[in-house]
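Residue numbers (my numbering), protein chains in the order written: chain A, 433 to 618; chain B, 27 to 130.
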């Protein structure tokens, strides 16, 4: 029973991954990628790792994918006409991801009902993970925090140059316009 | 020892398939956003293998490595998307083949 749930979830993960990486439109690809990450979260839950499953949904499918969506919005790739948006709401684009996500939701309900019968003999609680994490692995936590700080500084640096250069370019263009006007006057 | 009810090999096969899909996407796609997505898929497959191994021996270590992979993925995506903005600004396209000043 739980075995079939596992194989169904892994099938959905593989299919959603293939569909995500073969789309032409980045937004559609992101939707399939989110379905794939949710399927992996269900696999984690079935393997007896509920903490990892929660983090997968919160950070991978939540935070990181929202970052992707923000950047796609900033790049302004697609046409932003109203007709185009109406077309996006047609079932063609959301029926397959919706179906896959509905199957995953049903799997989660079934798995919650038969909670004791996880695939792993023993469910590893968040408490055990935390005791290990801040015991023998505390140095790894420090290294991860330094890595995240480096990522923060790097992202801020790249983004700040992005903003600063636009201001500089505007000033440059204004100067060029003034020079052209001065040339045109005499 | 509390082993898994399914063979560990099956989980590893699924993880390796996901990793290969990510690698294929990284090599075949030229859009930099899709290349970043492929990197995410590859990191996710590695995390799946770690968590499965941790469940096999009923130890918490697999989930701890998953946490570390998560932080690596977060930092990588933050810097990578900053680079996406720079490339889009400088080359007016997301095609990685235009950004080959280093003749790579």
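Even for Gly, the Cβ is constructed at its ideal location relative to N, Cα and C.
Note that the structure is a prediction, hence the values are computed from the model and not measured.
Notebook entry, point to check: With a cut-off of 8 Å, does the C-beta of residue 104 of chain B fall near any C-beta of chain A?
Noted result: As a position in the second chain, residue 104 of chain B is number 78, starting the count at 1. Interface annotation, residue 104 of chain B: in contact with chain A, CB-CB separation under 8 Å.
Item checked: Delimiting residues of the alpha helix (DSSP H) encompassing residue 96 of chain B -> If you number the second chain from 1, residue 96 of chain B lands on position 70. Its alpha helix (DSSP H) spans residues 87-117.
Next item on the list: Please state whether DSSP places residue 438 of chain A in a helix, a strand or coil.
Entry: As a working note, residue 438 of chain A is residue 6 in the first chain. Correct three-state label for residue 438 of chain A: helix.
Checklist line | residue 70 of chain B in three-state terms, based on DSSP | finding: The residue given as residue 70 of chain B occupies position 44 in the second chain. Helix at residue 70 of chain B.
Note to self: Give me the chain A residues within the contact set of residue 64 of chain B, using Cβ-Cβ distance strictly less than 7 Å, ordered along the chain.
What the structure shows: Indexing the second chain from 1 puts residue 64 of chain B at position 38. Residues of chain A whose Cβ lies closer than 7 Å to the Cβ of residue 64 of chain B are, in chain order, 453.
Margin query: Can you tell me whether residue 27 of chain B is helix, strand or coil according to DSSP?
Written below: Position 1 of the second chain, counted from the start, is the residue given in the question as residue 27 of chain B. Low per-residue confidence applies at residue 27 of chain B: pLDDT is 47, beneath 50, and the placement is therefore not dependable, though the value from the model is reported in the following sentence. Residue 27 of chain B: coil per DSSP, three-state reduction.
Checklist line | Sequence-distant residues of the same chain with beta carbon closer than 6 Å to residue 41 of chain B, five excluded per side | finding: As a first step, residue 41 of chain B must be located in the second chain, where it is residue number 15. If the five residues before and after residue 41 of chain B are omitted, its C-beta is found closer than 6 Å to the C-beta atoms of 71, 74 and 75, all from its own chain and listed in chain order.
Item checked: Beta-carbon proximity list for residue 484 of chain A, same chain, < 6 Å, skipping 5 on both sides -> As a position in the first chain, residue 484 of chain A is number 52, starting the count at 1. So the qualifying residues of the chain are 476.
Next item on the list: Note down the Cα distance separating residue 568 of chain A from residue 80 of chain B, rounded to an integer number of angstroms.
Entry: In the first chain, residue 568 of chain A corresponds to position 136, counting from 1. In the second chain, residue 80 of chain B corresponds to position 54, counting from 1. Taking the straight line from one Cα to the other gives about 16 Å.
Next item on the list: Kindly confirm or deny that the stretch 47-59 of chain B and the stretch 525-539 of chain A touch, where touching means at least three C-beta pairs closer than 8 Å.
Entry: no
Check: What number of angstroms, rounded off, separates the C-alpha of residue 440 of chain A from the C-alpha of residue 473 of chain A?
Finding: By one-based count along the first chain, residue 440 of chain A stands at place 8. By one-based count along the first chain, residue 473 of chain A stands at place 41. Spanning the two alpha carbons is a distance of roughly 13 Å.
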